[in-house]
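**Student:** Below you'll find the structure I mean.
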Amino acid sequence: MPSLADHQSNLFTKVLFLGDSKSGKTTALWSLARAGYKLRILDMDNLLDSLKEKMLRECPKHLGNVEYRTLRDDYKVGPQGMMIDGTPKAAMNAMRMLNNWKYDDVDLGDPAGWGPDCILVIDSLSRLCDAVYDHHVALAGSKADGRAIYKNAQDAVGMVLADLTSKTFQTNIIVICHGQYMEVPGSTPKIYPQGLGQKLSPKIPQYFPVYIRLVNRAGKRTLQLESDAMIDLAMPSRVEAKSLPADDGLATIFETLRGKPAPQVKPQVVTAPPVAEKPKAVTLQRRI
Numbered sequence: 000m001p002s003l004a005d006h007q008s009n010l011f012t013k014v015l016f017l018g019d020s021k022s023g024k025t026t027a028l029w030s031l032a033r034a035g036y037k038l039r040i041l042d043m044d045n046l047l048d049s050l051k052e053k054m055l056r057e058c059p060k061h062l063g064n065v066e067y068r069t070l071r072d073d074y075k076v077g078p079q080g081m082m083i084d085g086t087p088k089a090a091m092n093a094m095r096m097l098n099n100w101k102y103d104d105v106d107l108g109d110p111a112g113w114g115p116d117c118i119l120v121i122d123s124l125s126r127l128c129d130a131v132y133d134h135h136v137a138l139a140g141s142k143a144d145g146r147a148i149y150k151n152a153q154d155a156v157g158m159v160l161a162d163l164t165s166k167t168f169q170t171n172i173i174v175i176c177h178g179q180y181m182e183v184p185g186s187t188p189k190i191y192p193q194g195l196g197q198k199l200s201p202k203i204p205q206y207f208p209v210y211i212r213l214v215n216r217a218g219k220r221t222l223q224l225e226s227d228a229m230i231d232l233a234m235p236s237r238v239e240a241k242s243l244p245a246d247d248g249l250a251t252i253f254e255t256l257r258g259k260p261a262p263q264v265k266p267q268v269v270t271a272p273p274v275a276e277k278p279k280a281v282t283l284q285r286r287i
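Using numbering that gives the first Met the number 0, the first residue of the sequence shown is number 0, and each one after it goes up by one.
Structure below.
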């Protein structure tokens, strides 16, 4: 019979990381790379500049710990304004990456089996939702019911989140999202993750055991770990702090919940002993 002592949360951490635009969510990942985690970023925003600059300043030797794939659909000017250039591909390419992280000459296998020393980052859920919606618009055609398109796209995003947070997906997860104020029937206005329509947003936090928020108050950036009147957050009790500095707070959370990642052991180079001089006949044979 399964015991709580063997629950999957002992090995993997699944985080929903919310914050306003430009609050520093992506940059905050740097402390995890410095701590030794291997970050694999599904980059839907194409905004990794700040993370690169931070790591170049603080820990350039750990740049190799970050692998990324940027996926965005191209746009062009059409008869009715801006439109996607050709068939939307970003959503399907993202799904392929989540099944097998392979492109060009890179092949890192199935992310579900990367293990406890890796962190898969979705940056951001907001743009992934946009890509999924555009994909379903293209599938449905111009005469389709807009409500059905939204419903199908919402269901697709929900299934992705269910897969990432399932026990079979044996890798740490950070899903970065933007926040928006919403009114939900029977509740006061609160902050929810930005998703596809009002029906999906309140459901998104339900998938995650860890839900945190990055706030910027008077120029001071902190990770909010405790719920308040505007947002309901979640954090295991082992992390006793109510807030943490944004600069290294993610590393503190992962170290508290996971311990430190296993050190990356470099393969030993075995030097062969010197070979005694061979007879002249053998030397002549090697020259032929």
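We treat Cβ as the ideally placed atom computed from N, Cα and C, and that holds for glycine.
What runs of the beta strand (DSSP E), each 3 residues or longer, lie entirely inside the segment 115 to 189?
**Tutor:** Whole beta strand (DSSP E) segments, 3+ residues: 170 to 181.
**Student:** Does DSSP classify Pro-244 as helix, strand or coil?
**Tutor:** Pro-244 falls in the strand class under three-state DSSP.
**Student:** Do you know offhand how far Pro-188's Cα is from Ser-200's?
**Tutor:** C-alpha separation (whole angstroms): 13 angstroms.
**Student:** In the structure shown, what three-state DSSP assignment does Asn-215 receive?
**Tutor:** Three-state DSSP puts Asn-215 in a strand.
**Student:** What is the residue span of the beta strand (DSSP E) that Gly-77 lies within?
**Tutor:** 74 to 77 is the extent of the beta strand (DSSP E) around Gly-77.
**Student:** Once you ignore the five residues that flank Ile-203 on each side, which residues in its own chain have a CB closer than 8 angstroms to its CB?
**Tutor:** Cβ within range, chain order: Leu-15, Leu-124, Leu-160, Cys-176, Tyr-191, Pro-192, Gly-194.
**Student:** Between Thr-251, Leu-213, His-134, which has its C-alpha nearest Arg-237's C-alpha?
**Tutor:** Of the candidates Thr-251, Leu-213, His-134, the one whose C-alpha sits nearest the C-alpha of Arg-237 is Thr-251.
**Student:** For Thr-12, which three-state DSSP category applies?
**Tutor:** DSSP places Thr-12 in coil when its eight states are reduced to three.
**Student:** Applying the criterion that 16 or more other CB atoms from any shown protein chain within 10 Å of the CB defines a buried residue, is Asp-144 buried or exposed?
**Tutor:** Burial call: exposed.
**Student:** Within 10 angstroms of its Cβ, does Tyr-210 collect 16 or more other Cβ (buried), or is it exposed?
**Tutor:** Label assigned to Tyr-210: buried.
**Student:** Throw me the rounded Cβ distance for the Asp-72 and Ala-130 pair, which I believe falls under 8 angstroms.
**Tutor:** Contact flag correct, Cβ pair sits at about 7 angstroms.
**Student:** Excluding the five sequence neighbours on either side, which residues of its own chain have a C-beta within less than 6 angstroms of the C-beta of Pro-266, listed in chain order?
**Tutor:** Caution is warranted here: a pLDDT of 47 is assigned to Pro-266, below 50, making its placement in the model unreliable, and the coordinate value is therefore given only provisionally. The answer is none, since no qualifying residue turns up.
**Student:** For Trp-29, I'd like the list of residues in its chain whose CB is within less than 8 angstroms of its CB, leaving aside the five on either flank, ordered along the chain.
**Tutor:** Excluding positions up to five away in sequence, the list reads Leu-50, Lys-53, Met-54, Glu-57, Cys-58.
**Student:** Which residue's Cα is closest to the Cα of Ala-147: Gly-196, Thr-221, Met-91?
**Tutor:** It is Gly-196.
**Student:** What do you reckon, are the CB atoms on Thr-164 and Gly-114 nearer than 8 angstroms?
**Tutor:** Going by C-beta atoms, Thr-164 is not nearer than 8 angstroms to Gly-114.
**Student:** Between the segment 131 to 139 and the segment 73 to 80, do three or more beta carbon pairs fall short of 8 angstroms?
**Tutor:** Contact fails: fewer than three Cβ-Cβ distances are below 8 angstroms.
**Student:** For Gln-289, count neighbouring Cβ atoms within 10 angstroms of its own Cβ and tell me buried if that reaches 16, exposed if not.
**Tutor:** Within the shown structure, residues of the chain are numbered from 0 to 287, placing residue 289 beyond reach of any answer.
**Student:** By the DSSP assignment, the alpha helix (DSSP H) with Arg-39 in it spans what residues?
**Tutor:** Careful: Arg-39 lies outside any alpha helix (DSSP H), inside the beta strand (DSSP E) at 37 to 42.
**Student:** Let me know the secondary structure DSSP gives Glu-225 once reduced to three states.
**Tutor:** Correct three-state label for Glu-225: coil.
**Student:** Measuring alpha carbon to alpha carbon, tell me which residue in Leu-243, Asn-215, Ala-217 is nearest Glu-225.
**Tutor:** Selected option, being the one with the closest Cα: Leu-243.
**Student:** Nearest-angstrom Cα distance between Gly-112 and Thr-255?
**Tutor:** Cα-Cα distance, rounded: 23 angstroms.
**Student:** Have a look at Gly-18, Gly-63, Asp-48 and flag the residue whose alpha-carbon is nearest the alpha-carbon of Arg-33.
**Tutor:** For Arg-33, the nearest C-alpha among the options comes from Gly-63.
**Student:** Figure out for me which residue from Val-214, Arg-220, Gly-218, Asp-162 has the closest Cα to the Cα of Phe-207.
**Tutor:** It is Asp-162 whose Cα lies nearest to the Cα of Phe-207.
**Student:** Could you tell me how far apart the beta carbons of Ile-311 and Leu-38 are, in whole angstroms, since I believe they sit closer than 8 angstroms?
**Tutor:** A question about residue 311 goes unanswered here, because the residues of the chain that appear run from 0 up to 287.
**Student:** Of all the options Gln-179, Gly-18, Arg-95, which has the alpha carbon lying nearest to the alpha carbon of Asn-215?
**Tutor:** For Asn-215, the nearest C-alpha among the options comes from Gly-18.
**Student:** Starting from Gly-196, trace the alpha helix (DSSP H) both ways and give me its first and last residue.
**Tutor:** Here the alpha helix (DSSP H) through Gly-196 covers 196 to 199.
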